[in-house]
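**Student:** With positions in the sequence shown counted from 1, the corresponding number in the working numbering is that position plus 54.
First the structure, then my questions, so here it is.
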Amino acid sequence: MKHTFSHSFATRLSIYVFSFTLIVFATIMALFYNYNHEKVTSYAIERTHGLLSNIATEISSQLMSVETTINQSTWVLERNINLPDSLHLIIESVVKNNPLIVKSGIAFTPNYYKEKGKYFMPYASLDNKTNHVTYQVLGSQNYDYPCMDWYLIPKMQKQAYWSEPYYDDGGGNIIMSTYSKPLYDNRGELFAVFIASISLTQFTDTISLLKPYPSSYTYLISRNGSFLTHADRDKIMNETIFSEAFATENHSQEQIGREMLAGHTGTIRFDNQGNDSYAFYTTIPQIGWSVCTVCPSRIILQELDNTSRKIIYTFLVGILILLLIVYSIIRRLVRPLEKFSESAREIATGRFDVTLPLVRSNDEIKDLYDSILQFLCVVMTEFLLMVSG
């Protein structure tokens with residue numbers, strides 16, 4: 055009785071070989087993916103943090119140049135402190151010689167120069183389009199600068215201070231920040247606050263263009279978490295990282311905000327509006343701001359996933375071809391067994407003149423052939439003896 059194809063020995067053996075090969079490949083593929091997943095992720099973290107570090111270093115260096123300009127000009131100011139009408143030359147030089155500084159002023163304490171009245175603040179601003187410097191003296195009841203943050207905070211803290219970013223009055227949508235340096239006389243008493251205002255446009259433009267991966271974006275936040283740059287421009291200076299986190303009930307983003315405001319550097323994997331993403335963040339210690347790059351994890355792992363899919367597809371095609379080849383080889387090897395089986399059934403019916411299939415190989419099948427042939431010879435000999443007897 056012949057076995058059907060699906061229950062044949064060749065089919066079952068081929069399935070066993072296929073299953074074992076599939077299990078081995080799946081194990082190797084899982085190890086390959088996990089190993090490379092860690093490597094790719096580590097590379098992405100290292101690469102992105104390297105870019106963020108470069109940005110932070112560049113911004114810190116530029117901010118330091120502003121501070122250096124004010125520090126150097128302070129020495130000139132102190133030498134000309136008795137010539138108030140010449141001080142405009144100092145602040146005009148400040149805005150001309152440092153490309154970052156667009157406005158500068160010296161806010162003296164009330165009644166410092168009796169002849170100048172209660173308020174005296176020489177102030178210069180630069181028009182970048184025309185490169186023209188405008189000079190004016192500020193200070194009045196309507197512009198009571200001693201009560202303003204850029205004056206009051208460094209006075210109270212007794213140290214230099216970078217203000218929170220703000221929109222320039224009358225300057226369109228230009229975000230600015232002011233560096234304020236308190237100045238003290240020989241008695242240690244405050245006599246003026248030297249300021250320099252810079253436009254953050256070039257910083258925000260540079261950060262907005264930082265895209266380590268497609269679909270990634272980078273944003274900058276101030277000391278209080280306000281967005282200075284963001285992929286969604288409506289959030290700039292209107293929302294904080296915490297207001298966005300609270301609106302979406304995203305506790306991971308809230309944690310990212312706390313880490314950034316604490317001045318930490320790190321990486322957090324989180325759910326970004328339904329997209330599994332990585333947040334890479336670092337601080338700009340010179341001013342207390344922080345910069346963060348957000349990238350979907352699928353983008354980081356895209357190349358690995360594509361490579362893995364190609365390997366799997368290639369393997370599936372290869373294993374199907376292998377299955378056909380293995381099945382063909384096994385069928386060829388077991389074909390003599392099928393013929394032996396047919397011959398044995400005929401011998402069992404009493405036909406001893408059955409011709410056994412020819413076996414050319416020198417293996418176990420040849421041994422089986424010899425055994426059956428020997429058995430047949432013994433049976434025929436006994437049969438002939440029985441008949442002749």
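Where a beta carbon is used, it is the ideal one built from N, C-alpha and C, also for glycine.
Note that the structure is predicted; figures quoted are calculated from it, not measured.
Would a C-beta distance cut-off of 8 angstroms place residue 248 and residue 235 closer than the cut-off?
**Tutor:** What you label residue 248 is simply residue 194 of the sequence shown in a count that begins at 1. What you label residue 235 is simply residue 181 of the sequence shown in a count that begins at 1. Against a cut-off of 8 angstroms, the Cβ pair of residue 235 and residue 248 comes out as a contact.
**Student:** If you count every other CB in all the chains shown that lies within 10 Å of the CB of residue 238, and 16 or more means buried, which is it?
**Tutor:** The residue you call residue 238 lines up with position 184 of the sequence shown. Classification for residue 238: exposed.
**Student:** Under a three-way DSSP split, which group does residue 245 fall into?
**Tutor:** Sequence index remark: in the sequence shown, residue 245 carries index 191 (1-based). The answer is strand: DSSP assigns residue 245 an E or B state.
**Student:** If you follow the beta strand (DSSP E) that residue 175 is part of, which residue opens it and which one closes it?
**Tutor:** Taking the sequence shown and counting its residues from 1, the one referred to as residue 175 is at position 121. Where residue 175 is concerned, the enclosing beta strand (DSSP E) stretches over 175-181.
**Student:** How big is the Cα-Cα spacing for residue 137 and residue 341?
**Tutor:** Working through the sequence shown from its first residue, we reach residue 137 at position 83. Working through the sequence shown from its first residue, we reach residue 341 at position 287. Each residue's Cα considered, the two are about 33 angstroms apart.
**Student:** Checking the sheet assignment: what are the DSSP bridge partners for residue 160?
**Tutor:** Stepping through the sequence shown from its first residue, residue 160 is reached at position 106. In the DSSP output, where bridge partners are listed per residue, residue 160 has 248.
**Student:** So for residue 59, helix, strand or coil by DSSP?
**Tutor:** Locating residue 59 in the sequence shown gives position 5, where the first residue counts as 1. With a pLDDT of 41 at residue 59, under the threshold of 50, the predicted position of this residue should be treated as unreliable, though the coordinate-derived value follows. If DSSP states are grouped into helix, strand and coil, residue 59 belongs with the helices.
**Student:** Classify residue 104 as buried or exposed, calling it buried when 16 or more other Cβ atoms lie within 10 Å of its own Cβ.
**Tutor:** Stepping through the sequence shown from its first residue, residue 104 is reached at position 50. Exposed, by the Cβ-count rule.
**Student:** On a Cα-Cα basis, can you pick out the residue from 70, 80, 206, 66 that is closest to residue 369?
**Tutor:** As a working note, residue 369 is residue 315 in the sequence shown. The shortest C-alpha separation from residue 369 is found at 80.
**Student:** How would you call residue 263, buried or exposed, if buried means at least 16 neighbouring beta carbons within 10 angstroms?
**Tutor:** Here residue 263 corresponds to residue number 209 of the sequence shown, with the count starting at 1. Burial call: exposed.
**Student:** May I have the straight-line CA-CA distance separating residue 315 from residue 278, to the nearest angstrom?
**Tutor:** Along the sequence shown, read from residue 1 onward, the residue named residue 315 stands at position 261. Along the sequence shown, read from residue 1 onward, the residue named residue 278 stands at position 224. If I take the Cα positions, the gap works out to 7 angstroms.
**Student:** Since residue 338 is in the beta strand (DSSP E), which residue starts that stretch and which ends it?
**Tutor:** Here the question's residue 338 lines up with position 284 in the sequence shown. Residues 329-338.
**Student:** Give me the Cβ distance between residue 177 and residue 192, rounded to the nearest whole Å; I'm assuming they're in contact under 8 angstroms.
**Tutor:** Indexing the sequence shown from 1 puts residue 177 at position 123. Indexing the sequence shown from 1 puts residue 192 at position 138. About 5 angstroms separates the two Cβ atoms, so the contact holds.
**Student:** Which class does residue 235 belong to by DSSP, given the choice of helix, strand or coil?
**Tutor:** Stepping through the sequence shown from its first residue, residue 235 is reached at position 181. In this structure, residue 235 counts as strand in the three-state DSSP scheme.
**Student:** Under 8 angstroms, with one C-beta from each stretch per pair, do the region 337-357 and the region 260-274 reach the 3-pair mark?
**Tutor:** Because the criterion of three Cβ pairs below 8 angstroms is met, the region 337-357 and the region 260-274 touch.
**Student:** Which partner residues does residue 344 have in the DSSP bridge list?
**Tutor:** For the purposes of this step, residue 344 is taken as residue 290 along the sequence shown, with counting starting at 1. Residue 344 is bridged to 275, 337.
**Student:** Since residue 106 contacts residue 260 with CB under 8 angstroms, what's their CB separation in whole angstroms?
**Tutor:** Translated into positions along the sequence shown, residue 106 becomes position 52. Translated into positions along the sequence shown, residue 260 becomes position 206. About 12 angstroms separates the two Cβ atoms, so there is no contact after all.
**Student:** Can you give me the C-alpha to C-alpha distance between residue 183 and residue 336, rounded to a whole angstrom?
**Tutor:** Along the sequence shown, read from residue 1 onward, the residue named residue 183 stands at position 129. Along the sequence shown, read from residue 1 onward, the residue named residue 336 stands at position 282. Straight-line Cα distance between these residues: approximately 34 angstroms.
**Student:** Buried or exposed for residue 185, going by 16 or more other Cβ atoms inside 10 Å?
**Tutor:** To locate residue 185, count along the sequence shown from 1; it is residue 131. By the 10 Å Cβ count, residue 185 comes out exposed.
**Student:** Could I get the ranges of all uninterrupted alpha helix (DSSP H) runs contained in the region 281-328, with 4 residues as the minimum, in chain order?
**Tutor:** Those alpha helix (DSSP H) runs which fall completely within the region 281-328 and span 4+ residues are 295-302, 305-315.
**Student:** Let me make sure I understand the geometry here. Which of 116, 174, 148 has the alpha-carbon closest to that of residue 139?
**Tutor:** As a working note, residue 139 is residue 85 in the sequence shown. Selected option, being the one with the closest Cα: 174.
**Student:** Assuming residue 253 and residue 156 form a contact by the criterion Cβ under 8 angstroms, report the distance between their Cβ atoms to the nearest whole angstrom.
**Tutor:** Mapped onto the sequence shown, residue 253 falls at position 199. Mapped onto the sequence shown, residue 156 falls at position 102. The pair is a contact, with the Cβ atoms about 5 angstroms apart (cut-off 8 angstroms).
**Student:** Count Cβ pairs between the region 280-295 and the region 205-225 that sit closer than 8 angstroms; are there 3 or more?
**Tutor:** As far as the Cβ criterion goes, the region 280-295 touches the region 205-225, which means the pair count is three or higher.
**Student:** Can you tell me whether residue 320 is buried or exposed, with buried defined as 16 or more other CB within 10 angstroms of its CB?
**Tutor:** On the sequence shown, position 266 is the one that residue 320 refers to. Exposed: under 16 other Cβ atoms inside 10 Å.
**Student:** Note the first and the last residue of the continuous beta strand (DSSP E) segment covering residue 188.
**Tutor:** As a working mapping, residue 188 is identified with position 134 in the sequence shown. From DSSP, the beta strand (DSSP E) with residue 188 extends over 186-192.
**Student:** When the distance is taken between beta carbons, is residue 120 closer than 8 angstroms to residue 88?
**Tutor:** As a working mapping, residue 88 is identified with position 34 in the sequence shown. As a working mapping, residue 120 is identified with position 66 in the sequence shown. Contact flag unset, no.
**Student:** Would you call residue 189 buried or exposed, if buried means 16 or more other Cβ atoms sit within 10 Å of its Cβ?
**Tutor:** Taking the first residue of the sequence shown as 1, we reach residue 189 at position 135. With fewer than 16 other Cβ atoms within 10 Å, it is exposed.
**Student:** Could you please give me the residues that DSSP links to residue 167 through a beta bridge?
**Tutor:** By one-based count along the sequence shown, residue 167 stands at place 113. Beta-bridge pairing links residue 167 to no other residue.
**Student:** Per the DSSP calculation, residue 229 is bridged to which residue(s)?
**Tutor:** By one-based count along the sequence shown, residue 229 stands at place 175. Residue 229 pairs with 221.
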